[in-house]
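Only one structure is covered here, and it is reproduced in the block below.
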Amino acid sequence: MIPDLSVEIGSLKLKNPVMLASGTVGYGNEISEFMDLSKIGAIVTKSVSLKPRKGNPPQRIVETPAGMLNAIGLANVGLEEFIKTKIPFLKEVNSTLICNIAAGSIEEYVECTRILDKEEIIKAFEINVSCPNVKEGGLIFGNDVKAVGRITELVRGVTNKTIIIKLSPNVANIADFAEAARKEGADAVSAINTLVGTSFDIYTRKPKIKNITGGLSGPAIKPVALAKVLEISRRVDIPIIGIGGIMNWKDAIEFMICGASAFQLGTVNFVNPAAGVEIIEGLINYCNKMSITNITDLIATYKI
Amino acid sequence: MIPDLSVEIGSLKLKNPVMLASGTVGYGNEISEFMDLSKIGAIVTKSVSLKPRKGNPPQRIVETPAGMLNAIGLANVGLEEFIKTKIPFLKEVNSTLICNIAAGSIEEYVECTRILDKEEIIKAFEINVSCPNVKEGGLIFGNDVKAVGRITELVRGVTNKTIIIKLSPNVANIADFAEAARKEGADAVSAINTLVGTSFDIYTRKPKIKNITGGLSGPAIKPVALAKVLEISRRVDIPIIGIGGIMNWKDAIEFMICGASAFQLGTVNFVNPAAGVEIIEGLINYCNKMSITNITDLIATYKI
Amino acid sequence: MDIYKIIVVSNTALQENVFLLKCLSSEIASKILPGQFCNIKVSESDFPLLRRPFSICDVEGDYISFMYEVHGEGTKLLSHKKEGDLIDLIGPLGKGFNYKSEYETAIFISGGIGVAPFPYLTRSLDGSIPYKIFLGGRTENQIHTYGLHNYEISTDDGSMGYKGNVVQLFEKHIPLLDKSKIKVFGCGPNPMLRALKELCLLHEINCEVSVECAMACGFGICQGCPIEKAEESDKYYLVCKDGPVFNIKDVVI
Amino acid sequence: MDIYKIIVVSNTALQENVFLLKCLSSEIASKILPGQFCNIKVSESDFPLLRRPFSICDVEGDYISFMYEVHGEGTKLLSHKKEGDLIDLIGPLGKGFNYKSEYETAIFISGGIGVAPFPYLTRSLDGSIPYKIFLGGRTENQIHTYGLHNYEISTDDGSMGYKGNVVQLFEKHIPLLDKSKIKVFGCGPNPMLRALKELCLLHEINCEVSVECAMACGFGICQGCPIEKAEESDKYYLVCKDGPVFNIKDVVI
Ligand SMILES: Cc1cc2nc3c(=O)[nH]c(=O)nc-3n(C[C@H](O)[C@H](O)[C@H](O)COP(=O)(O)OP(=O)(O)OC[C@H]3O[C@@H](n4cnc5c(N)ncnc54)[C@H](O)[C@@H]3O)c2cc1C
Ligand SMILES: Cc1cc2nc3c(=O)[nH]c(=O)nc-3n(C[C@H](O)[C@H](O)[C@H](O)COP(=O)(O)OP(=O)(O)OC[C@H]3O[C@@H](n4cnc5c(N)ncnc54)[C@H](O)[C@@H]3O)c2cc1C
Ligand SMILES: Cc1cc2nc3c(=O)[nH]c(=O)nc-3n(C[C@H](O)[C@H](O)[C@H](O)COP(=O)(O)O)c2cc1C
Ligand SMILES: Cc1cc2nc3c(=O)[nH]c(=O)nc-3n(C[C@H](O)[C@H](O)[C@H](O)COP(=O)(O)O)c2cc1C
Ligand code: FES
Ligand code: FES
Numbered sequence: 006m007i008p009d010l011s012v013e014i015g016s017l018k019l020k021n022p023v024m025l026a027s028g029t030v031g032y033g034n035e036i037s038e039f040m041d042l043s044k045i046g047a048i049v050t051k052s053v054s055l056k057p058r059k060g061n062p063p064q065r066i067v068e069t070p071a072g073m074l075n076a077i078g079l080a081n082v083g084l085e086e087f088i089k090t091k092i093p094f095l096k097e098v099n100s101t102l103i104c105n106i107a108a109g110s111i112e113e114y115v116e117c118t119r120i121l122d123k124e125e126i127i128k129a130f131e132i133n134v135s136c137p138n139v140k141e142g143g144l145i146f147g148n149d150v151k152a153v154g155r156i157t158e159l160v161r162g163v164t165n166k167t168i169i170i171k172l173s174p175n176v177a178n179i180a181d182f183a184e185a186a187r188k189e190g191a192d193a194v195s196a197i198n199t200l201v202g203t204s205f206d207i208y209t210r211k212p213k214i215k216n217i218t219g220g221l222s223g224p225a226i227k228p229v230a231l232a233k234v235l236e237i238s239r240r241v242d243i244p245i246i247g248i249g250g251i252m253n254w255k256d257a258i259e260f261m262i263c264g265a266s267a268f269q270l271g272t273v274n275f276v277n278p279a280a281g282v283e284i285i286e287g288l289i290n291y292c293n294k295m296s297i298t299n300i301t302d303l304i305a306t307y308k309i
Numbered sequence: 006m007i008p009d010l011s012v013e014i015g016s017l018k019l020k021n022p023v024m025l026a027s028g029t030v031g032y033g034n035e036i037s038e039f040m041d042l043s044k045i046g047a048i049v050t051k052s053v054s055l056k057p058r059k060g061n062p063p064q065r066i067v068e069t070p071a072g073m074l075n076a077i078g079l080a081n082v083g084l085e086e087f088i089k090t091k092i093p094f095l096k097e098v099n100s101t102l103i104c105n106i107a108a109g110s111i112e113e114y115v116e117c118t119r120i121l122d123k124e125e126i127i128k129a130f131e132i133n134v135s136c137p138n139v140k141e142g143g144l145i146f147g148n149d150v151k152a153v154g155r156i157t158e159l160v161r162g163v164t165n166k167t168i169i170i171k172l173s174p175n176v177a178n179i180a181d182f183a184e185a186a187r188k189e190g191a192d193a194v195s196a197i198n199t200l201v202g203t204s205f206d207i208y209t210r211k212p213k214i215k216n217i218t219g220g221l222s223g224p225a226i227k228p229v230a231l232a233k234v235l236e237i238s239r240r241v242d243i244p245i246i247g248i249g250g251i252m253n254w255k256d257a258i259e260f261m262i263c264g265a266s267a268f269q270l271g272t273v274n275f276v277n278p279a280a281g282v283e284i285i286e287g288l289i290n291y292c293n294k295m296s297i298t299n300i301t302d303l304i305a306t307y308k309i
Numbered sequence: 697m698d699i700y701k702i703i704v705v706s707n708t709a710l711q712e713n714v715f716l717l718k719c720l721s722s723e724i725a726s727k728i729l730p731g732q733f734c735n736i737k738v739s740e741s742d743f744p745l746l747r748r749p750f751s752i753c754d755v756e757g758d759y760i761s762f763m764y765e766v767h768g769e770g771t772k773l774l775s776h777k778k779e780g781d782l783i784d785l786i787g788p789l790g791k792g793f794n795y796k797s798e799y800e801t802a803i804f805i806s807g808g809i810g811v812a813p814f815p816y817l818t819r820s821l822d823g824s825i826p827y828k829i830f831l832g833g834r835t836e837n838q839i840h841t842y843g844l845h846n847y848e849i850s851t852d853d854g855s856m857g858y859k860g861n862v863v864q865l866f867e868k869h870i871p872l873l874d875k876s877k878i879k880v881f882g883c884g885p886n887p888m889l890r891a892l893k894e895l896c897l898l899h900e901i902n903c904e905v906s907v908e909c910a911m912a913c914g915f916g917i918c919q920g921c922p923i924e925k926a927e928e929s930d931k932y933y934l935v936c937k938d939g940p941v942f943n944i945k946d947v948v949i
Numbered sequence: 697m698d699i700y701k702i703i704v705v706s707n708t709a710l711q712e713n714v715f716l717l718k719c720l721s722s723e724i725a726s727k728i729l730p731g732q733f734c735n736i737k738v739s740e741s742d743f744p745l746l747r748r749p750f751s752i753c754d755v756e757g758d759y760i761s762f763m764y765e766v767h768g769e770g771t772k773l774l775s776h777k778k779e780g781d782l783i784d785l786i787g788p789l790g791k792g793f794n795y796k797s798e799y800e801t802a803i804f805i806s807g808g809i810g811v812a813p814f815p816y817l818t819r820s821l822d823g824s825i826p827y828k829i830f831l832g833g834r835t836e837n838q839i840h841t842y843g844l845h846n847y848e849i850s851t852d853d854g855s856m857g858y859k860g861n862v863v864q865l866f867e868k869h870i871p872l873l874d875k876s877k878i879k880v881f882g883c884g885p886n887p888m889l890r891a892l893k894e895l896c897l898l899h900e901i902n903c904e905v906s907v908e909c910a911m912a913c914g915f916g917i918c919q920g921c922p923i924e925k926a927e928e929s930d931k932y933y934l935v936c937k938d939g940p941v942f943n944i945k946d947v948v949i
């Protein structure tokens with residue numbers, strides 16, 4: 006029997022809870038060679054900003070124990086080019102499209118959302134208030150509850166589509182941020198973005214990443230991500246999209262048990278670009294084994 | 006040639022920067038079977054509290070990718086028993102002794118320090134304001150800049166020995182906490198304690214650790230720990246003791262380059278209880294190779 | 697206890713998922729006691745991070761062996777070790793079985809891979825003490841008789857020996873035994889040990905068990921392995937240091 | 697490009713630290729071009745996390761091979777693979793050398809393990825095109841001649857061939873060549889490529905190089921591998937997708 010894997014995030018309906026995380030699948034082209042994107046619940050685009058961004062100079066990435074640091078610096082083609090050259094391909098793919106927006110000012114968030122709201126193919130916005138790798142990339146907002154509330158409020162004013170606020174883990178109480186987003190009308194939050202980290206060459210004494218610090222992702226951060234999801238789930242009544250170190254279906258289930266209504270795959274796409282569809286397989290088998298007919302029955306069923 | 010490995014933390018002189026972290030070497034007995042503790046710069050005791058603590062019920066630990074979660078819950082024999090039965094052994098070991106203190110109230114911190122100040126063998130206090138695993142174990146203080154300042158101030162009032170404030174990484178700006186400690190008279194800060202994390206069994210839906218969340222330690226957190234040390238080093242003029250995921254001498258050097266005057270070995274002791282002396286070896290070889298005659302010449306020499 | 701780098705002599709499959717790892721180490725062989733364990737580094741890298749604890753299975757001259765079941769990543773890596781490889785291990789650890797105390801007949805009861813410490817333990821008994829072994833498993837291929845004599849078998853599915861669990865099998869034998877003169881040594885999963893405890897308390901049978909729990913260090917420095925004391929509920933034993941063998945009356949399983 | 701699980705045919709040491717990994721894969725063999733690479737998963741577990749990129753070294757029928765130097769943990773694990781093991785790899789990746797464009801003599805210049813792509817590349821040249829290979833290394837055991845002909849050697853320490861670096865060795869040969877009719881193919885560490893670029897720009901020699909840089913994905917989704925464009929300094933190429941082979945004029949090395 007095929008269990009019902011569909012989930013809802015606000016008014017957004019997904020055929021399954023598997024989403025591909027922002028910045029880890031580009032605009033879908035390359036990864037589509039490894040799997041049928043139409044099977045995936047949703048694709049989140051690389052953060053788009055109003056103007057194109059060159060991104061940070063190399064070296065941008067470095068491997069760490071069970072993780073990696075990145076400081077891509079929100080390299081992206083900019084709003085105009087995104088609409089012109091990236092959306093056509095994304096239209097062909099029969100997958101729900103979520104557009105991730107990064108900005109250097111509150112006005113830019115609003116402006117981006119306002120413009121992109123017209124693109125019918127875009128079903129939801131994920132507002133990145135938490136990129137640790139550019140000064141104006143959101144982390145300054147991400148650490149400020151009031152700013153997160155304000156951004157949510159203003160973005161809410163220009164779109165009726167689903168709004169997801171992507172939260173930073175680099176704060177003491179992430180639930181406060183989720184609560185601020187909820188209060189100002191966000192439909193969901195996603196957690197977590199990367200943790201701030203660094204790594205140095207002991208011979209040159211230079212940072213291995215040109216940007217000095219980068220964002221830590223991968224299995225190393227999974228326990229932290231799960232704790233953040235659980236914290237939000239226990240305190241705030243808002244759908245959560247779990248992110249952080251998911252490598253396989255077991256990790257994904259763990260996030261759902263901890264409170265996630267859906268989850269995103271990030272770093273794993275680099276290592277196993279077919280992970281998305283493999284995880285759907287895994288969810289089905291697990292549900293069958295556990296006699297779960299609707300995967301929504303799993304959400305936040307932690308026994309504590 | 007043997008380089009000079011000695012370092013100073015406030016008025017505290019250490020023969021080398023290698024310290025064994027609180028909670029990861031008990032009170033020295035067992036680990037002394039694996040190495041000559043007199044070679045180590047300093048030993049930090051398991052957190053001592055005024056009264057004995059039973060600690061958390063099992064399961065207390067679980068392995069995670071390149072790390073582990075623990076929720077020991079500050080299990081310790083209590084102040085009185087510590088003085089009576091643990092100090093005698095620690096006296097025999099010719100190693101600098103630092104006593105780590107945990108408490109459920111500001112008064113308890115002060116009271117513990119006042120009593121232990123009389124023990125001549127104790128050369129410094131490490132004040133644990135950052136244990137994530139017991140409600141009254143400090144994390145509530147660790148997340149509150151004012152409380153950290155106040156604890157420092159009051160503890161400073163009852164001892165002339167070196168005071169090290171052990172900081173929580175579970176905050177947005179750790180440098181603010183280092184600054185508060187510095188202002189109120191701390192001689193140094195140590196960073197980092199563990200990150201809050203969790204892990205669930207996907208079949209029982211129960212947390213793998215009875216306490217629900219635990220503290221994440223080990224190589225997984227090294228990039229985060231380094232970034233926190235660097236943050237403090239760039240903003241606050243206070244000696245830093247680096248902690249987090251050090252497995253070998255290379256990791257240790259990385260911390261010193263990022264700003265640490267000394268460093269502590271935690272989780273590695275469980276896997277390689279001789280790591281302490283092996284790392285001293287490694288430091289000597291590195292210094293020789295790099296023509297460093299005083300290891301203090303390495304501290305905070307990041308080129309950024 | 698100390699850290700040793702010892703050489704693998706063989707690492708052979710006893711069943712599809714169960715291996716016998718034999719190594720050369722005169723130091724450990726000369727010191728280790730039945731019921732003690734070693735904490736083994738299963739890879740040369742930092743992954744997996746923690747060592748894995750395994751009971752001593754047998755000692756023959758300078759050779760020591762471990763019997764293990766492939767469970768997760770760590771034991772899988774261990775199963776890849778081959779003759780000539782070096783293994784990094786800490787031991788001997790913990791306190792073993794008090795098999796020399798006063799009793800006339802020894803009874804050994806194991807569930808699944810819990811049989812691992814029995815070859816060495818039974819071999820260490822003074823030959824004059826009679827003993828009987830009860831081996832339990834869910835199914836036939838969970839029964840491992842390596843190095844054992846005088847055993848009876850139970851399987852949950854009845855595929856081999858008595859159909860039922862091993863504690864039930866033992867219970868059937870109790871009437872044939874002089875309860876005050878036997879000592880039971882048990883090793884296996886917690887549910888089995890709980891059933892065994894209940895039975896032994898009921899019949900006032902002296903019983904020691906080896907318990908398992910998650911461990912970080914294995915030698916007493918992390919406090920990660922508490923087990924509640926039966927008498928003083930405000931205190932814990934450490935499984936790695938005070939155990940893994942406990943008198944069944946002393947602990948809450 | 698796709699994910700393949702292919703079988704290891706052999707994995708033999710060419711030097712103490714340099715191995716040749718030969719695998720069976722008709723799919724990759726039939727598609728991959730000289731200068732392209734594969735991204736190899738060096739272990740079955742999640743450690744190390746990322747794949748490791750290696751240039752295609754040779755293709756013979758259905759067999760493909762990689763020549764690699766043991767550098768860190770990942771390549772060490774790779775060196776443990778043996779006949780019959782399965783390897784998980786993604787490929788073919790990137791853009792290869794334009795070795796079919798107009799020129800009369802091909803020159804190949806490598807530093808250290810940079811020689812890896814040359815066996816397949818030289819073999820792929822139309823037999824009628826004359827070529828010469830310059831192999832450089834710090835010392836004798838950094839010189840790998842596997843699958844090569846027509847080479848000259850330089851070592852920094854003079855332990856083999858010309859004493860000096862390989863770009864200097866090539867420079868000595870320039871007067872003997874018709875600069876406008878040669879094409880140079882280079883691969884090696886960045887300092888060598890920088891020296892080569894300077895020399896080729898000076899002499900107006902057409903030159904393509906394969907560059908290395910840290911990669912997370914290897915196929916264009918992470919944006920982790922930028923290299924600055926020589927013309928438009930506000931833009932980057934991606935090494936994994938737009939390269940790893942670039943005309944030396946197009947990039948800032
Ligand atoms: C004192 C003692 C003696 C043991 N003797 C034997 C023996 O002789 N033969 C044998 O096959 N097994 C024995 N075990 C169990 C063995 O240690 C585990 O099966 C093994 O650690 C599993 O590792 P893994 O990486 O394959 O499994 P994973 O499940 O991937 O391991 C994940 C983590 O959980 C821990 N863990 C998993 N299962 C257990 C368990 N049952 N007990 C304790 N920790 C566990 C691991 O050590 C590791 O830290 C013993 C355990 C203890 C505590
Ligand atoms: C396109 C391309 C082709 C390559 N072809 C070959 C080849 O044919 N033969 C060969 O021996 N080597 C080749 N390399 C280099 C090879 O990928 C590295 O030596 C290898 O990744 C080192 O891994 P490690 O785990 O042993 O080293 P570690 O230093 O432990 O690796 C740590 C991290 O740094 C990265 N890294 C380390 N060195 C390099 C490097 N030089 N280039 C890129 N990433 C690096 C690793 O991928 C890993 O993520 C190539 C690199 C690239 C980018
Ligand atoms: C290379 C890279 C680039 C990323 N770029 C973005 C981005 O542009 N916008 C964003 O919101 N998150 C970005 N992220 C964060 C991921 O979407 C995700 O939150 C994070 O990597 C944690 O998940 P993981 O551990 O599964 O990778 C990026 C992550 C990586 C590794
Ligand atoms: C099992 C365990 C127990 C710990 N107990 C204490 C403690 O009692 N007091 C304290 O200040 N830190 C305690 N810590 C934190 C360590 O001292 C150290 O800050 C942390 O583990 C990070 O370092 P590591 O990654 O090298 O382990 C404990 C850590 C572990 C793993
Ligand atoms: S496992 Fe560390 S104290 Fe027992
Ligand atoms: S390595 Fe990921 S884009 Fe090039």
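Protein chains in written order, with the working numbering: chain A, 6 to 309; chain B, 6 to 309; chain C, 697 to 949; chain D, 697 to 949. Note that the Cβ used here is the ideal one computed from N, Cα and C, for glycine as well.
(request) Output the distance between the C-alpha atoms of E740 (chain C) and I702 (chain C), rounded to the nearest integer angstrom. (result) 13 Å
(message) Beta-carbon within less than 7 Å of E189 (chain A)'s beta-carbon, same chain only, minus the 5 sequence neighbours each way: which residues are those?
(response) G154, T157, E158 and R161
(message) Counting only Cβ pairs nearer than 7 Å, list the residues of chain D close to S824 (chain C).
(response) In chain order: nothing, as chain D lies at least about 49 Å away.
(message) Mapping the DSSP letters down to three states, classify G142 (chain A) as helix, strand or coil.
(response) Bear in mind that the predicted position of G142 (chain A) carries a pLDDT of just 49, short of 50, making it unreliable; the figure below should be weighed with that in mind. Here G142 (chain A) sits in coil by DSSP.
(request) May I have the straight-line CA-CA distance separating G833 (chain D) from E900 (chain D), to the nearest angstrom? (result) 25 Å
(request) Kindly indicate which residue of D:G790, D:S722 and D:C896 has the alpha-carbon position closest to the one of I760 (chain D). (result) D:S722
(message) Using CA atoms only, rank isn't needed, just tell me which of B:I285, B:P63 and B:A196 is closest to K44 (chain B).
(response) B:I285
(request) Tell whether a beta-carbon distance below 8 Å holds between N216 (chain B) and A177 (chain A). (result) no
(request) Return helix, strand or coil for I36 (chain B), following the three-state DSSP convention. (result) helix
(message) Could you pull the DSSP bridge partners for Y847 (chain D) from this structure?
(response) D:I829
(request) May I ask you to list, following chain order, the residues of the segment 722-746 of chain C that have a beta carbon less than 8 Å from some beta carbon of chain B? (result) K737, D742, F743, P744, L745 and L746
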